[in-house]
Amino acid sequence: MSDFKIATRETNAVNILDLKGYLDAHTAAELEAAFQKLIDQKRFNIVVNCKDLTYISSAGLGVFMAYIEDVRNHSGDIKLSNMSQKIYNVFDLLGFPLLYDIAKDEQEAVSKFTAGKK
Amino acid sequence: MTQPQSNKSPGGATLTIKSRTERLSEVREFVSAAAREFGFDEEAVNKIALAVDEACTNVIKHSYKYATDKDIRIRIVTNAVTFEVRIQDQGLSFDPETIKKPDMKEYLAHYRRGGLGMYLMRSLMDDVEYIVSPEMNEVRLMKRLQPK
């Protein structure tokens, strides 16, 4: 069965999304809803922790594409962290490391916001 | 809910599912098991499963326009060194000539989200072929087993 979960938390005014499981065309709408909710609340400093993300297809990658411009236009960013090699390989195939800030761990991603860097 | 029809025939296996995104996980598991049994390592198994997911997602979105009661047939055809997955549907057909490799620089510059699946399929597999006939559309995803 397709299994995907998102948990939201906040650290030092940075919003963290913890993704778990399989992100595909069936579950991508859940991630869209989570981004939309943050944007509606004018929360634009976002870190997506991919530690427990086991699978991603282009439907999931498309969600990041859909929101990054809006978030950056509000002086925020969507940064990614704790990606497994398997997930990174998919991002890499599409050239996403050029477009997204991918940090080794969550602390590094959060500190880039708090240091005022993007 | 209709049960999936799965059977094994000489040289391959077939899975037929209804055109629903909730069935994608089942497709990935079916194709992964067959690819693993054929002899691919986990990295290649993951690539094949992702490519087939992308092909089925395209059928659901574009051929069937999200209608949930249509059939998608996933057939595995193998010989000594090639593993081919054929994804068949009876939905809207397309002109394969119009499918070209997207320019990823242009894509990324404009944050475009469509067409990523097509690009991924071509990157993940050794060969991608589209066959359009009056009876059905078929995408053939092929990968060769590298000698160890």
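These protein sequence lines map, in sequence, to chains H and P.
Going left to right, the first sequence walks through residues 59 to 176 as the working numbering numbers them.
Going left to right, the second sequence walks through residues 82 to 229 as the working numbering numbers them.
We treat Cβ as the ideally placed atom computed from N, Cα and C, and that holds for glycine.
Which residue from the options puts its Cα closest to that of residue i?
| i | options | result |
| --- | --- | --- |
| Val106 of chain H | H:Asn131, H:Gln94, H:Ile74 | H:Ile74 |
| Gln169 of chain P | P:Gly120, P:Arg104, P:Glu107, P:Glu216 | P:Glu216 |
| His132 of chain H | H:Leu96, H:Ala83, H:Thr85, H:Lys170 | H:Leu96 |
| Phe111 of chain P | P:Thr97, P:Glu124, P:Arg225 | P:Thr97 |
| Asp135 of chain H | H:Ile145, H:Met141, H:Ala124 | H:Ala124 |
| Gly172 of chain P | P:Val158, P:Lys146, P:Arg221 | P:Lys146 |
| Leu119 of chain H | P:Leu131, P:Val140, P:Ile141, P:Lys151 | P:Leu131 |
| Lys142 of chain P | H:Ala83, H:Asp61, H:Thr66 | H:Ala83 |
| Leu140 of chain P | P:Val213, P:Ala94, P:Ala115 | The residue asked about is misnamed: residue 140 of chain P is Val in this sequence, not Leu. Cα-wise, what sits closest to Val140 of chain P is P:Val213. |
| Lys137 of chain H | H:Gln94, H:Phe122, H:Phe62 | H:Phe122 |
Within its chain, find whatever has a CB closer than 7 Å to the CB of residue i; leave out the 5 residues flanking it on each side and keep chain order.
| i | result |
| --- | --- |
| Thr149 of chain P | Lys99, Ser100, Arg101 |
| Ala71 of chain H | Asn103 |
| Leu226 of chain P | Phe119, Gly120, Phe121, Val162, Phe164 |
Which residues in the same chain as residue i place their Cβ atom closer than 8 Å to its Cβ, once the five residues preceding and following it in sequence are excluded?
| i | result |
| --- | --- |
| Ile64 of chain H | Leu75, Asp76, Leu77, Lys78, Glu88, Leu89, Ala92 |
| Leu105 of chain P | Asp134, Cys137, Thr138 |
Apart from the five residues just before and just after residue i, which ones in its own chain have a Cβ nearer than 6 Å to its Cβ?
| i | result |
| --- | --- |
| Lys175 of chain H | Note that Lys175 of chain H scores 47 on pLDDT, short of 50, meaning its location in the model is unreliable and no value can be drawn from it. |
| Thr172 of chain H | Asn70 |
| Ser115 of chain H | Asp82 |
Any idea what DSSP makes of residue i, helix, strand or coil?
| i | result |
| --- | --- |
| Tyr211 of chain P | strand |
| Tyr113 of chain H | strand |
| Ser142 of chain H | coil |
| Arg101 of chain P | coil |
| Asp82 of chain H | coil |
| Met217 of chain P | coil |
| Met223 of chain P | strand |
| Gly196 of chain P | coil |
Span of the beta strand (DSSP E) holding residue i?
| i | result |
| --- | --- |
| Gln99 of chain H | Unbroken run through Gln99 of chain H: none, as it is neither H nor E. |
| Lys151 of chain P | Counting along the chain, Lys151 of chain P falls outside any beta strand (DSSP E), and DSSP gives it neither H nor E. |
Could you give the residue range of the alpha helix (DSSP H) that holds residue i?
| i | result |
| --- | --- |
| Gly134 of chain P | Note that residue 134 of chain P corresponds to Asp in the displayed sequence, not to Gly. Its alpha helix (DSSP H) spans residues 123–139. |
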